[in-house]
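In what follows, a single structure is set out as structure tokens and then discussed.
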Amino acid sequence: MRTSLVGRGMLAAVAGQRDIGELDERRLVTRARSGDRDAFDRLVERHLQQVWRVVWRIVRHRQDTEDVVQDVFLTAFSALDEFRGEARLSTWLHRIAVTRALNHVDRAAVKMERAARSLETNDDDSPAGAPAWPATGGPTPLQQLEASELKDRLARCLELLPAAWRAILALRDGESMPYQRISETLGVALGTVRSRLARARLALRECLEGGAT
Amino acid sequence: MNAGGRELHPVEQLSCYVDGELDAEAQAAVDRHLASCSDCRELLSDLTLIATTIERSDDVPAPPPDLARRIGRQVARETERRPARIGRWNRPWMLAAAASVMLVAVVSVLLRTELATAPSLTRETSQAEALEKNAAADRTVSLDDQQAAGPAAPSAPQEVAVPERTRDLGVADEADGPPAISTGRAAPSADERRDLRGEDAVRPTGESVVEKEEQRKRVQAKRAAADPVVADDRIREEFSAAPDAAAGADVGQRAFEAPPASPEQEAKSGGEGRLAERENAFLESVAMQRQAGATTAPPCGALSILPEDAVSTWRTDRDEEVRREIELAAARLEGRAQRQADGGLAVTVPVNRWDELRAWYAAARGQEDEELPLLTEQDLKSADCVRVTIRVAPRLR
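Set out below in structure tokens:
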């Protein structure tokens, strides 16, 4: 009983801290809107790491990531009046970050995406858009790879993926975002999140296997 | 999970399964399928491995330690460079204050106009001046009336000094109703422009509007014929004052200014035609300012402008006119056209108006093919706005 009360007390304390954090953030946003740059600096400090990770996972180039991240926050400052507080500030920032990062990736990435569409199997006659899965035999090559080798290949394959797919992987696997929040961040339907994520992972698997054989 | 005798594998569901994003029923269905499908078990195992590897990946470099500070400095620089955009003129009360200031200026002009149109005027030059002032009053009195009839603008600090020249546009911009050019509407017709000027809304005492208008035109034509440069300068001075006055509302950019005429244009055009031309240009700029002023920020929210590198060149001998047409088209499509140093225009419109811009652009140039590119599915998903650069260049001889 005692433990339970302590546990509940801790939970309440954590929830309280979160409320205070959100309240504090709202105040910072209000102050930043009225031109208080210190308040905006604090918001930058709060969200920089997350924004950096998301942008890097899409752009995968350090200097470019720096440029995009700066652009993201500059854009956010200019557009702060349009942030209505209906979504979390982090969701709003992520949306800017993803859009800016995707914009930054040059047209070659768009072409790559078009080429990558050929990876998508012919799913016209598949139920619910699920692609047909070719039968394979034996153990998968991925499972036989050393962890370090897998990481290296993964890094190479991620660079080859279309930026839009990298973006969704960055939000899901990089930031552990639930699908609903990814949908809000990217402004796409939940079904699109599901299918895009599945396609991205499937393409990644094929790429990894290609490198493994 | 069998269709037409062919074994199908629920890739999407497996991906959701890895993330724990399936409801109980769907999860049970996948479990049943997994029990009988070794391929899917392998796939599930691989998908889990991939997700976990990305999740645990430590290949993301740390941001530079001074990045936050650099961002802060950049924001500071940007704030200083663009005070009109950031945190200053996008406050509604400031716009309202500007409107009130303009109103004060208008009232003072009206008072003077009343004095200037006293019946003792007999000489033609005096009459001409009085008529010209009456015409100016026409453009403002009606607005004053509308102010009185409609909701009152918030009061502004009365001690603010107002240059007299700023009278017309500022009040029209703030006091009038909906924008003359609104979404999906064509440029204002002659009647609409007259409404905008408020010509019919005012009935100066003892003088019909028609008579006065005719008299005004006669006198101005005479003045222009006698001294076109002087007359034109006066008009230009009057018209160019307004955009400057409204510059603080983040719409007083070059794109919205009435264009100054070149010496060649001066020589080509006559007094009356020139007046009409300038009046049109001015009124269009008013309409555009109102359109731009309807939202204090670009319609795309400055969030996601595609790096659309489409550049189109419009070869024409009527370059300035074409630029104005482009600006108006952009305004009608809830976008904007910003003039570049090289005379081109960066046209930005919301993604959902892009096709209309393409169609307009082709039609305006008399082309059947739409030269501007189609958007890809990716573009539609990832951007709110699209930008294209239109270069306006002389025809090739």
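If you read the protein sequences in the order shown, they are chains A and B. Per the numbering used here, the very first residue in the first sequence carries number 1; after that it's consecutive. Per the numbering used here, the very first residue in the second sequence carries number 1001; after that it's consecutive. Ideal placement from N, C-alpha and C gives every residue a C-beta, glycine not left out.
Burial state of residue 167(A) is buried, judged by a 10 Å Cβ sphere holding 16 or more other Cβ atoms. 8 Å or more divides the Cβ of residue 1363(B) from the Cβ of residue 1371(B). When Cβ-Cβ separations below 8 Å define contact, residue 146(A) makes no contact with chain B. The C-beta of residue 30(A) has fewer than 16 other C-beta atoms within 10 Å across all chains shown, which makes the residue exposed. For residue 1080(B) against residue 74(A), the beta-carbon gap comes to about 13 Å, at or over 8 Å, which does not count as contact. Taking CB atoms only, residue 164(A) has a neighbour in chain B less than 8 Å away. Partner residues in the beta bridge of residue 1312(B), as assigned by DSSP, are 1390(B).
Against chain B, the CB of residue 89(A) has no partner CB under 8 Å away; the residue lies outside that interface. Note that the C-beta distance between residue 54(A) and residue 87(A) is not below 8 Å.
Look at residue 1347(B): its C-beta is not under 8 Å from any C-beta on chain A. Around the Cβ of residue 99(A), a 10 Å sphere holds 16 or more other Cβ atoms; the residue is buried. Going by C-alpha positions, residue 79(A) is about 24 Å away from residue 175(A). With respect to chain B, the C-beta atom of residue 183(A) has no partner C-beta closer than 8 Å. Between the region 178 to 186 of chain A and the region 145 to 163 of chain A, the count of Cβ pairs shorter than 8 Å is below three; the stretches do not touch.
In this structure residue 93(A) is in contact with residue 72(A), their Cβ atoms being roughly 7 Å apart against a cut-off of 8 Å. Its chain contains 80, 81 as the residues whose beta carbon lies nearer than 7 Å to that of residue 33(A), once the 5 sequence neighbours on both sides are disregarded; these appear in chain order. Around the CB of residue 1366(B), fewer than 16 other CB atoms lie within 10 Å, so the residue is classed as exposed. The beta-carbon separation of residue 1345(B) and residue 1390(B), rounded to 5 Å, stays under the 8 Å limit for a contact. Annotation for residue 42(A): 28 place their beta carbon closer than 6 Å to its own, counting only its chain and skipping 5 residues before and after. One Cα belongs to residue 208(A), the other to residue 89(A), and the distance between them is close to 36 Å.
Rounded to whole angstroms, the gap between the alpha carbons of residue 85(A) and residue 65(A) is 27 Å. In the three-state reduction of the DSSP assignment, residue 1350(B) falls in the strand class, which pools E and B. Residue 169(A) has a beta carbon lying within less than 8 Å of a beta carbon in chain B. Listed in chain order, the non-local C-beta contacts of residue 154(A) below 8 Å within the same chain comprise 204, 208, local neighbours out to five positions each way being set aside. At least one CB atom of chain B sits nearer than 8 Å to the CB of residue 49(A). Rounded to whole angstroms, the gap between the alpha carbons of residue 202(A) and residue 1047(B) is 8 Å. In this model, residue 180(A) and residue 52(A) are separated by some 22 Å (Cα to Cα).
Taking a beta-carbon distance threshold of 8 Å, residue 210(A) does not count as an interface residue toward chain B. Contact annotation for residue 1076(B) against chain A: 37 [CB-CB distance below 9 Å, chain order].
Any Cβ of chain A closer than 8 Å to the Cβ of residue 1355(B) would place that residue at the interface, and such an atom is absent. Residue 85(A) is outside the set of residues whose beta carbon lies under 8 Å from a beta carbon in chain B.
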